[in-house]
Amino acid sequence: MKKAIFMMAVAGAFVFNACKSDTAKATEETTTTTTAAEPAAETETASIVGTWKMSDVDLGMEVPKGKEKVIEDMKKQMIAETVYTFNEDGSMTYKNPMVEPISATYTLNGSQLTVTNPTTKKTDTMTVDELSANKLVLSSQQGNHKAVMTFTK
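The numbering used here applies: residue 0 is where the sequence shown begins, and numbers increase by one.
Encoded structure:
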(Lines of atoms letter the chains of each structure in order from A and count residues from 1; the text may use other names and numbers.)
(Lines give C-alpha, C1' and ligand atoms only; values in the text may rest on other atoms or scores of the structure.)
Protein backbone atom coordinates (compact mmCIF):
# COMPACT_ATOMS: atom_id res chain seq x y z
CA MET A 1 0.00 0.00 0.00
CA LYS A 2 2.80 2.42 0.83
CA LYS A 3 4.30 1.81 -2.61
CA ALA A 4 0.97 2.55 -4.30
CA ILE A 5 0.52 5.75 -2.31
CA PHE A 6 4.10 6.75 -3.07
CA MET A 7 3.55 6.18 -6.81
CA MET A 8 0.39 8.29 -6.72
CA ALA A 9 2.20 11.08 -4.92
CA VAL A 10 5.10 10.88 -7.37
CA ALA A 11 2.81 10.87 -10.38
CA GLY A 12 0.77 13.72 -8.98
CA ALA A 13 3.65 15.78 -7.80
CA PHE A 14 6.11 15.01 -10.61
CA VAL A 15 8.11 17.93 -9.33
CA PHE A 16 10.92 17.63 -6.85
CA ASN A 17 11.10 13.84 -6.90
CA ALA A 18 14.47 13.69 -8.60
CA CYS A 19 17.68 13.50 -6.58
CA LYS A 20 19.82 15.77 -8.73
CA SER A 21 20.47 19.33 -7.61
CA ASP A 22 21.23 21.25 -10.76
CA THR A 23 20.19 24.88 -10.53
CA ALA A 24 18.61 26.28 -13.65
CA LYS A 25 17.96 29.88 -14.64
CA ALA A 26 14.21 30.34 -15.00
CA THR A 27 13.11 31.15 -18.52
CA GLU A 28 10.01 30.48 -20.54
CA GLU A 29 9.97 29.54 -24.19
CA THR A 30 7.16 28.68 -26.58
CA THR A 31 6.73 25.38 -28.33
CA THR A 32 5.07 24.73 -31.68
CA THR A 33 2.88 21.66 -31.91
CA THR A 34 1.83 19.95 -35.14
CA THR A 35 -0.08 16.70 -35.39
CA ALA A 36 -0.20 14.46 -38.45
CA ALA A 37 -3.90 15.20 -38.99
CA GLU A 38 -3.34 18.96 -38.81
CA PRO A 39 -2.29 20.89 -41.92
CA ALA A 40 0.91 22.90 -41.51
CA ALA A 41 -0.98 26.15 -42.18
CA GLU A 42 -3.08 25.53 -39.06
CA THR A 43 -0.12 24.90 -36.75
CA GLU A 44 -0.59 26.96 -33.63
CA THR A 45 2.05 28.43 -31.41
CA ALA A 46 1.29 27.65 -27.81
CA SER A 47 2.73 28.81 -24.54
CA ILE A 48 3.01 26.94 -21.28
CA VAL A 49 2.25 30.21 -19.47
CA GLY A 50 -1.11 30.09 -17.73
CA THR A 51 -3.10 28.00 -15.30
CA TRP A 52 -3.48 24.32 -16.12
CA LYS A 53 -5.97 22.01 -14.39
CA MET A 54 -5.36 18.26 -14.42
CA SER A 55 -7.90 16.43 -16.58
CA ASP A 56 -6.37 12.92 -16.59
CA VAL A 57 -3.54 10.91 -15.05
CA ASP A 58 -2.09 7.55 -16.10
CA LEU A 59 0.37 6.08 -13.60
CA GLY A 60 1.69 3.64 -16.18
CA MET A 61 1.56 0.81 -13.68
CA GLU A 62 -0.68 -2.08 -12.76
CA VAL A 63 -2.83 -1.39 -9.73
CA PRO A 64 -2.26 -3.96 -6.95
CA LYS A 65 -5.15 -6.41 -6.62
CA GLY A 66 -7.62 -5.27 -3.98
CA LYS A 67 -6.44 -1.62 -4.16
CA GLU A 68 -8.40 -0.61 -7.26
CA LYS A 69 -11.00 1.49 -5.41
CA VAL A 70 -8.42 3.26 -3.24
CA ILE A 71 -6.26 4.11 -6.26
CA GLU A 72 -9.27 5.19 -8.34
CA ASP A 73 -10.47 7.47 -5.52
CA MET A 74 -6.97 8.99 -5.22
CA LYS A 75 -6.84 9.57 -8.99
CA LYS A 76 -10.25 11.28 -8.90
CA GLN A 77 -9.10 13.56 -6.07
CA MET A 78 -5.87 14.38 -7.91
CA ILE A 79 -7.80 15.22 -11.10
CA ALA A 80 -10.23 17.40 -9.15
CA GLU A 81 -7.56 19.31 -7.18
CA THR A 82 -4.27 19.43 -9.13
CA VAL A 83 -3.40 22.78 -10.71
CA TYR A 84 -0.13 24.07 -12.20
CA THR A 85 0.31 27.80 -12.86
CA PHE A 86 3.28 28.83 -15.03
CA ASN A 87 4.15 32.54 -15.05
CA GLU A 88 5.97 34.48 -17.77
CA ASP A 89 8.89 35.23 -15.42
CA GLY A 90 9.79 31.53 -15.04
CA SER A 91 8.11 31.12 -11.67
CA MET A 92 5.32 28.65 -11.05
CA THR A 93 3.00 27.32 -8.39
CA TYR A 94 1.70 23.82 -7.96
CA LYS A 95 -1.31 22.58 -5.99
CA ASN A 96 -2.02 18.88 -5.44
CA PRO A 97 -4.00 17.05 -2.73
CA MET A 98 -0.94 14.89 -1.93
CA VAL A 99 1.45 17.74 -1.05
CA GLU A 100 1.43 21.28 0.31
CA PRO A 101 1.20 24.03 -2.36
CA ILE A 102 4.64 24.61 -3.87
CA SER A 103 6.30 27.66 -5.43
CA ALA A 104 9.13 26.87 -7.83
CA THR A 105 10.92 27.98 -10.96
CA TYR A 106 10.87 26.29 -14.35
CA THR A 107 12.62 26.25 -17.69
CA LEU A 108 11.20 24.92 -20.92
CA ASN A 109 13.85 23.90 -23.43
CA GLY A 110 12.26 22.25 -26.45
CA SER A 111 10.22 19.39 -25.01
CA GLN A 112 12.08 19.28 -21.69
CA LEU A 113 10.39 20.99 -18.75
CA THR A 114 12.69 21.35 -15.74
CA VAL A 115 11.18 22.41 -12.41
CA THR A 116 13.43 23.55 -9.56
CA ASN A 117 12.49 23.87 -5.92
CA PRO A 118 14.34 27.04 -4.84
CA THR A 119 14.50 25.89 -1.21
CA THR A 120 15.92 22.39 -1.69
CA LYS A 121 17.49 23.04 -5.14
CA LYS A 122 16.09 19.66 -6.24
CA THR A 123 15.02 19.50 -9.86
CA ASP A 124 12.75 17.30 -11.88
CA THR A 125 12.70 17.11 -15.65
CA MET A 126 9.54 16.06 -17.45
CA THR A 127 8.82 15.64 -21.12
CA VAL A 128 6.23 17.85 -22.75
CA ASP A 129 4.50 15.32 -24.99
CA GLU A 130 1.93 17.81 -26.22
CA LEU A 131 1.39 21.55 -25.86
CA SER A 132 -1.40 23.46 -27.54
CA ALA A 133 -3.45 26.50 -26.60
CA ASN A 134 -5.70 24.40 -24.34
CA LYS A 135 -3.89 21.11 -23.68
CA LEU A 136 -0.65 20.18 -21.90
CA VAL A 137 0.57 16.58 -21.62
CA LEU A 138 3.55 15.88 -19.33
CA SER A 139 5.29 12.55 -18.83
CA SER A 140 7.94 11.33 -16.46
CA GLN A 141 9.77 8.05 -16.18
CA GLN A 142 9.42 6.64 -12.66
CA GLY A 143 11.55 3.49 -12.54
CA ASN A 144 9.91 1.01 -14.91
CA HIS A 145 6.77 3.12 -15.13
CA LYS A 146 6.01 6.09 -17.38
CA ALA A 147 3.50 8.36 -15.68
CA VAL A 148 1.50 10.74 -17.89
CA MET A 149 -0.51 13.76 -16.75
CA THR A 150 -2.91 15.67 -18.99
CA PHE A 151 -3.93 19.26 -18.23
CA THR A 152 -6.38 21.69 -19.80
CA LYS A 153 -6.76 25.46 -19.50
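Every residue gets a Cβ at the ideal spot worked out from N, C-alpha and C, and that includes glycine.
In the DSSP assignment, K74 falls within the unbroken alpha helix (DSSP H) covering 67–80. Per DSSP, the unbroken beta strand (DSSP E) holding L130 starts and ends at 122–130. In the DSSP annotation of this structure, V48 is not part of any beta strand (DSSP E), being labelled neither H nor E.
A check of alpha carbon separations from T104 across L130, V147, V82, Y93 identifies Y93 as the nearest. If the five residues before and after V48 are omitted, its C-beta is found closer than 8 angstroms to the C-beta atoms of E27, F85, N86, E87, all from its own chain and listed in chain order. With three or more CB-CB distances shorter than 8 angstroms, the region 137–151 counts as touching the region 53–71. In terms of Cα proximity to Q141, the closest of S131, M125, V82, K134 is M125. Non-local C-beta neighbours of K74 in its own chain, meaning closer than 7 angstroms and more than five positions away in sequence, comprise V56, ordered along the chain. Out of M77, M97, I101, N95, the CA that lies nearest to the CA of T118 is found in I101. Look at S139 here: in three-state DSSP terms it is strand. Taking G89 as reference, the option from A79, N95, L107, P96 with the minimal CA-CA separation is L107. Distance between G59 and K120, taken at the CA atoms: about 27 angstroms. Taken through DSSP and simplified to helix, strand or coil, D57 comes out as strand. Under DSSP, the beta-bridge partners assigned to M91 are F85, A103.
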